[in-house]
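This report refers to the structure that appears directly beneath it.
Number of protein chains: 2
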Amino acid sequence: MKIQQITKNDIQQIIEARKQRQSEDLTLIDKRVQNIVERIKQMGEKAVYQYVEEFDQVKLDSIFVSEEEINDALDSLDQGMKDILNEAKANIERYHKLQKEKSWYTQEQPGTWLGQQVTPIERVGVYVPGGKAAYPSTVLMNVIPAKVAGVRDIIVTTPVGKGGAVHPMTIAAAKMAGATQILKVGGAHGIATLAYGTENFKSVHKITGPGNIYVARAKKYVFGDVGIDMIAGPSEVCILADDTGTPSYVAADLIAQAEHDELASAILVTDSHQLANQVQDEVYRQMEERKRKEILQHSILNQSAIYVTSDLETGFDLVNDLAPEHLELLLTNPFEQLSRVKHAGAIFLGEFSPEPLGDYWAGPNHTLPTNGTAKFSSPLGVYDFMKKSSVIYYDQSALIEAESKISRFADEEGLDGHAASIRKRFE
Amino acid sequence: MKIQQITKNDIQQIIEARKQRQSEDLTLIDKRVQNIVERIKQMGEKAVYQYVEEFDQVKLDSIFVSEEEINDALDSLDQGMKDILNEAKANIERYHKLQKEKSWYTQEQPGTWLGQQVTPIERVGVYVPGGKAAYPSTVLMNVIPAKVAGVRDIIVTTPVGKGGAVHPMTIAAAKMAGATQILKVGGAHGIATLAYGTENFKSVHKITGPGNIYVARAKKYVFGDVGIDMIAGPSEVCILADDTGTPSYVAADLIAQAEHDELASAILVTDSHQLANQVQDEVYRQMEERKRKEILQHSILNQSAIYVTSDLETGFDLVNDLAPEHLELLLTNPFEQLSRVKHAGAIFLGEFSPEPLGDYWAGPNHTLPTNGTAKFSSPLGVYDFMKKSSVIYYDQSALIEAESKISRFADEEGLDGHAASIRKRFE
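Protein chains in written order, with my numbering: chain A, 1 to 427; chain B, 1001 to 1427.
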């Protein structure tokens, strides 16, 4: 894990280099994704079965998880884990309920009534990665905000394991969180199934949830026909620490992020040379104790870095240009520094708020904008599962007052039919 | 304009037929868009000049509208139109200020502090169609919400006319609304310039605004690297009227929508045979009086329809399945019926709230989801120009209380580094 001393002038180059790191040629992947999606659009469920057989080596009888499988999954869960899922659910629900917007109206101008009506999306698909491992936290973080929003149909889809079964933990979490149906279709074919439906499955209006590069590109491909949450890249953390940072905590948090996969990235920004050196040592020491040591070899050595700045101001400049998915502020007074953060997915304050607290427990969503996209997008939230309609009412006198002005405006744009629609009321 | 009597059972088929109407093979367009965008990414401003010359037949000296051009444009505006733009601006501002979200925090659990920090996007690009005509209303509807959000840099881009100049009305509206820079680059090359920048122009973080099919596909192509508002299709209105509807108003409003372009669509849904027949007559009569008669021949005859239902309930079912961009409720008690609307971009209540009132004047945004996408998306708003960051703080005792539960959860997902990051605090 390299330590690099930097100044303000180096920031631009660091950002550029990190962009390069992410760019790969997607032409071939996009072509394959397009074929899969278009084939399912045309052939329906037959094509879905074929792709599941091709990619997951399983011959399915049904694309749906059965009631029996759901009951078995719930039964197989030990009470300890059930309690943990329920407490996490309560925390996530409590936070997300605060995001729920109300419809409103205003009557500020005489004779007018303007409003914004907020309604849930009716039918939503949630993609959950699977196969070997289970990600119940992904299930909770996607299904609960949809439930809080009031979404009627919440369909989880996830790849089947080798035996044709979905991991019981995924099923149990989906059921506990409020999913209404579970599909056994992963990959780009899972996204196509959600977006366009089959003979036995009605298409959804929006798709959320993370996945591999095929899932991400399939989401981009179907975007427009359905809504999507975001196109997520590899996970990342940035820790901004001063000399009060505890080296072993910082190292543990960098490793926690880097263990996700080879492309995950963990960055420490600090104005303390001493902390930088101590963290470097600690990272190498702690890596040895970790199960996912081989992944860490890649992500820590190739994707991660320690940047030492002359002052905190330069540190904040770098952080804001990175716009990291996760940002830990391990500073003397983190609350006082919060307003200096301009772009980040989630911000963790102080040394007892490590990033995994947000992944599983605290309540805010763990689905966050990656790779600098926090400059223009937000964590997944209840707002992603609702939509707005404007409401406009003018009475006769209010429209009379505006008539000539609207007509002139419309004529200016060459749309005399627009002007006529107003004038017609007063002929 | 065909009149069709329908029942609930016909709705599915009507929706399917309308979907077909919109689907065209985009492979060729996408290929050309990809070439344009990638070439500008690689070659920068030189490629931009080449595309402007190729597509707009203009040799530009600079891609920027100059201070002199801005002053000339403002001087050229007559006082009447200046007042109209300023009053429209005030109406739009007043409504959009009500959309502005505040940051918040909560301390519901002991020892915890959770929040949602809301901040403006820093740099936004607004695409405005141009060339022959000017669309000052598009300028206002995109720039004002960005300004209300607190966006620092708002860059308008629009195609140049034959002489190398941008329409003075577009420039004046941009300046009055608060744009900070104006570019002379239209089409897919305009979107590429905004998304990736050039030697002299820094890329933006998000792009909004309508355009032709090349602009729409270019927006989809760059989505992910930058944010976009939506991919807009042809404009459309749906009018739901009972026998109290005034035929001449209904006809005028259908025509106002249909005059946009050949693909625009205007639909009347009513439970009154008499109204259906009277509107049909009126449409043919009024069409003759309109300047854009030739466009109306296509849009009214090919894209539009009158559906007669046996009752209002069936009417609402059709409306909700259409999820129209614009919906007029010309009913006896429109306010009482509002809650029956599940999906629509904007809803206009009663006979003195014709759709053009929303295009130019009332205040709510006229950039709305088309082609059924109101099932999952919203009007353009201040929320499109801001983003959220989650904030998480736990003190030591709160983290101790959660330690074993988070660790178990992380272990369950096979991420022992996540568990270690929590445990490390208490070793």
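Backbone N, C-alpha and C fix where the C-beta goes; we use that ideal spot for every residue, glycine too.
Here the structure is a predicted model, which is why all the values come from computation and not from measurement.
My guess is that B/Tyr1249 and A/Arg425 are in contact by the Cβ rule of under 8 Å, so how many angstroms apart are they, rounded? Yes, B/Tyr1249 and A/Arg425 are in contact; Cβ-Cβ is about 6 Å, under 8 Å.
If you draw a straight line from the alpha carbon of B/Ile1092 to that of B/Lys1291, how long is it in whole angstroms? C-alpha of B/Ile1092 to C-alpha of B/Lys1291: approximately 29 Å in a straight line.
Hey, is the stretch 1380-1393 of chain B in contact with the stretch 1010-1030 of chain B, meaning 3+ C-beta pairs nearer than 8 Å? No, because fewer than three Cβ pairs between the stretch 1380-1393 of chain B and the stretch 1010-1030 of chain B fall closer than 8 Å, the two stretches do not touch.
What three-state label does DSSP hand A/Thr112 in the structure shown? Assignment of A/Thr112 by DSSP, reduced to helix, strand and coil, places it in the strand class.
Does the beta carbon of B/Ala1402 come closer than 7 Å to any beta carbon on chain A? Taking 7 Å as the CB threshold, B/Ala1402 lines the interface with chain A.
What separation, rounded to the nearest whole angstrom, lies between the Cα atoms of A/Thr246 and A/Leu296? Taking the straight line joining both Cα atoms gives about 21 Å.
Return no unless some Cβ of chain B is closer than 7 Å to the Cβ of A/Gly125. Closer than 7 Å: no.
Cβ of B/Glu1259 within 7 Å of any chain A Cβ: Interface residue, yes.
Is the stretch 300-317 of chain A touching the stretch 271-286 of chain A, taking contact as three or more C-beta pairs under 8 Å? Contact between the stretch 300-317 of chain A and the stretch 271-286 of chain A is present: three or more C-beta pairs spanning the two stretches fall below 8 Å.
Does any residue of chain A have a CB that is nearer than 7 Å to the CB of B/Ile1029? Chain A, which has no Cβ nearer than 7 Å to the Cβ of B/Ile1029, makes this no.
Given a limit of 8 Å on CB to CB distance, which residues of the stretch 1124-1147 of chain B reach chain A? Cβ contacts with chain A come from Ala1133, Ala1134, Tyr1135, Pro1136 and Ser1137.
The alpha helix (DSSP H) with A/Ser404 in it runs from where to where? First-last of the alpha helix (DSSP H) with A/Ser404: Gln396 to Glu412.
Shorter than 7 Å from the beta carbon of A/Phe348 to some beta carbon of chain B? Under the Cβ criterion of 7 Å, A/Phe348 is counted among the residues facing chain B.
Touching by the beta-carbon criterion (3+ pairs, under 8 Å), the stretch 396-409 of chain A and the stretch 1228-1239 of chain B: No, the stretch 396-409 of chain A does not touch the stretch 1228-1239 of chain B.
Cβ of B/Gln1396 less than 7 Å from any chain A Cβ? Answer yes: the Cβ-Cβ gap between B/Gln1396 and chain A drops below 7 Å somewhere.
A/Met43, buried or exposed, once every other Cβ within 10 Å from all chains shown has been counted against 16: Burial call: exposed.
Can you tell me whether A/Gln257 is buried or exposed? The criterion is at least 16 other CB atoms within 10 Å of its CB, across all chains shown. With 16 or more other Cβ atoms within 10 Å, it is buried.
Could you give the uninterrupted runs of the beta strand (DSSP E) lying entirely in the stretch 1235-1302 of chain B, keeping only those of 3 residues or more? If we require 3 residues or more, the beta strand (DSSP E) runs fully inside the stretch 1235-1302 of chain B come out as 1236-1241 and 1265-1270.
According to a CB-to-CB cut-off of less than 7 Å, which residues of the stretch 224-247 of chain A neighbour chain B? Gly224, Val226, Gly227 and Ile231: these are the residues of the stretch 224-247 of chain A whose beta carbon lies less than 7 Å from some beta carbon of chain B, given in chain order.
Report the rounded CA-to-CA distance for A/Leu433 versus A/Ile213, giving the unit in angstroms. Residue 433 of chain A is absent from the model: chain A starts at 1 and stops at 427.
Are the C-beta of A/Asp253 and some C-beta of chain B separated by less than 7 Å? Contacts with chain B at 7 Å (Cβ-Cβ) include A/Asp253.
Quick one: is B/Ala1256 near chain A, going by C-beta distance under 7 Å? Yes, contact with chain A.
Compare the Cα-Cα distances from A/Pro356 to each of A/His260, A/Gly111, A/Ile182 and A/Pro129 and report the closest residue. Closest by C-alpha distance to A/Pro356, out of A/His260, A/Gly111, A/Ile182 and A/Pro129, is A/His260.
By DSSP, does A/Val185 sit in helix, in strand, or in coil? A/Val185 falls in the coil class under three-state DSSP.
So, is A/Asn371 buried or exposed, given that buried needs 16 or more other C-beta atoms within 10 angstroms? Buried: at least 16 other Cβ atoms inside 10 Å.
Judging by CA-CA distance, which residue of A/Ala133, A/Leu327, A/Leu349 and A/Lys102 is the nearest neighbour of B/Leu1098? For B/Leu1098, the closest of A/Ala133, A/Leu327, A/Leu349 and A/Lys102 by C-alpha to C-alpha distance is A/Lys102.
Check the C-beta distance from B/Gly1186 over to B/Gly1130 and give it rounded, since I have them as a contact under 8 Å. Under the criterion of beta carbons closer than 8 Å, B/Gly1186 and B/Gly1130 qualify as touching, at roughly 6 Å.
In angstroms, rounded to a whole number, what distance separates the CA positions of B/Val1058 and B/Gly1163? Cα-Cα distance, rounded: 7 Å.
Find the nearest neighbour of A/Leu349 within the set B/Gly1381, B/Ile1006 and B/Tyr1393, judged by alpha-carbon distance. For A/Leu349, the closest of B/Gly1381, B/Ile1006 and B/Tyr1393 by C-alpha to C-alpha distance is B/Tyr1393.
Whose C-alpha, out of A/Glu294, A/Ile255 and A/Thr314, is nearest the C-alpha of A/Ser446? Nothing can be reported for residue 446 of chain A: it is not among the residues displayed for chain A, which extend from 1 to 427.
Considering only DSSP beta bridges, list what A/His418 is partnered with. A/His418 is not bridged to any residue.
Between which two residues does the alpha helix (DSSP H) containing A/Gly80 stretch? It spans Gln79 to Lys97 - the alpha helix (DSSP H) in which A/Gly80 sits, taken as one unbroken run.
How is B/Asp1056 classed by DSSP in three states: helix, strand or coil? Note: B/Asp1056 maps to helix in three-state DSSP.
Which value, in whole angstroms, describes the spacing of the CA atoms of A/Gly115 and B/Arg1423? A straight line joining the alpha-carbon of A/Gly115 with that of B/Arg1423 spans about 50 Å.
Please tell me whether A/His205 has its Cβ less than 7 Å away from any Cβ of chain B. When Cβ-Cβ separations below 7 Å define contact, A/His205 makes contact with chain B.
Hey, does B/Glu1413 have any beta-carbon neighbour from chain A nearer than 7 Å? Chain A, which has a Cβ nearer than 7 Å to the Cβ of B/Glu1413, makes this yes.
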